[in-house]
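Chains as they are written, first to last, in this note's numbering: chain H, 866 to 973; chain F, 329 to 443.
We put the CB at the ideal spot given by N, CA and C, even for glycine.
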Amino acid sequence: KNEVEQSPQNLTAQEGEFITINCSYSVGISALHWLQQHPGGGIVSLFMLSSGKKKHGRLIATINIQEKHSSLHITASHPRDSAVYICAANFGNEKLTFGTGTRLTIIP
Amino acid sequence: KAGVTQTPRYLIKTRGQQVTLSCSPISGHRSVSWYQQTPGQGLQFLFEYFSETQRNKGNFPGRFSGRQFSNSRSEMNVSTLELGDSALYLCASRYDPGTRGYEQYFGPGTRLTVT
Numbered sequence: 866k867n868e869v870e871q872s873p874q875n876l877t878a879q880e881g882e883f884i885t886i887n888c889s890y891s892v893g894i895s896a897l898h899w900l901q902q903h904p905g906g907g908i909v910s911l912f913m914l915s916s917g918k919k920k921h922g923r924l925i926a927t928i929n930i931q932e933k934h935s936s937l938h939i940t941a942s943h944p945r946d947s948a949v950y951i952c953a954a955n956f957g958n959e960k961l962t963f964g965t966g967t968r969l970t971i972i973p
Numbered sequence: 329k330a331g332v333t334q335t336p337r338y339l340i341k342t343r344g345q346q347v348t349l350s351c352s353p354i355s356g357h358r359s360v361s362w363y364q365q366t367p368g369q370g371l372q373f374l375f376e377y378f379s380e381t382q383r384n385k386g387n388f389p390g391r392f393s394g395r396q397f398s399n400s401r402s403e404m405n406v407s408t409l410e411l412g413d414s415a416l417y418l419c420a421s422r423y424d425p426g427t428r429g430y431e432q433y434f435g436p437g438t439r440l441t442v443t
């Protein structure tokens, strides 16, 4: 069965802390996506990766294909990073299967 | 380039009615996917359209249907609305030149409330 699991469900941290959100999936994938959703519902695609590592500003995404695991890191976290972060996977086609999301709160 | 647009943004309907939601993709994008987001089930894939054809389908009843027009704009329809259909409906478009591996761009969503 194609499944995506995320941890933690909720994460509260102080401004400036290094944040890690984890994602694991059940079987081989063609791509792994990290999405950000702010209150109000809009979703922004942060990364799409199938191997290695990608970096955009303070955000870094890594994926380990052998271990079926991906991480999203935020360096020097800021209150504006507060959002729900969602991991999603393509299991061989264009249909996305989503994790349950991680609600991140950064306290000033 | 303009982003993905969805109309309407908010909608209130009564149980038993039907509803049609619209999605206009980013210019040049031929793939449009629809998703349902509820507090209980999270985000779930509804269906994907490419070049006016349904290419992938999620596990939703036949009351949920969609179509795509020649200009890539897409509509989804829900007939005989149930209270459980209350959700945020999101569409996403993707550039698809026939190969995989292109990220999706999401619209702002339509929040449907069924009373």
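Item, Value
"Hey, how far is the Cα of P367 of chain F from the Cα of Q334 of chain F?", "21 Å"
"Taking only beta-carbon atoms, is N483 of chain F less than 8 Å away from chain H?", "Limits of chain F in this structure are 329 at one end and 443 at the other, which puts residue 483 of chain F out of reach."
"To which residues of the same chain is N405 of chain F closer than 6 Å at the C-beta, ignoring the five residues directly before and after it?", "T348, S393"
"Just to make sure I have the definition right: I need the residues of chain H whose C-beta is within less than 9 Å of the C-beta of G370 of chain F. Which are they?", "I951, F963, G964, T965, G966"
"With a threshold of 8 Å between beta carbons, is L920 of chain H in contact with chain F?", "Reading the sequence as shown, one finds Lys at residue 920 of chain H and not Leu. Judged by the 8 Å Cβ criterion, K920 of chain H is not in contact with chain F."
"Using 8 Å as the threshold, is the segment 933-941 of chain H in touch with the segment 885-897 of chain H, meaning 3 or more CB pairs across them?", "yes"
"Let me see if you follow: with CB-CB separation under 8 Å, is Q432 of chain F close to chain H or not?", "yes"
"How would you call V909 of chain H, buried or exposed, if buried means at least 16 neighbouring beta carbons within 10 angstroms?", "exposed"
"At a Cβ threshold of 8 Å, is S402 of chain F touching chain H?", "no"
"Output, in chain order, the set of chain H residues within a Cβ distance shorter than 9 Å of S355 of chain F.", "The premise fails here: S355 of chain F is roughly 18 Å from chain H at the closest Cβ pair, so nothing lies under 9 Å."
"At least one CB of chain H closer than 8 Å to the CB of G437 of chain F: is that the case?", "yes"
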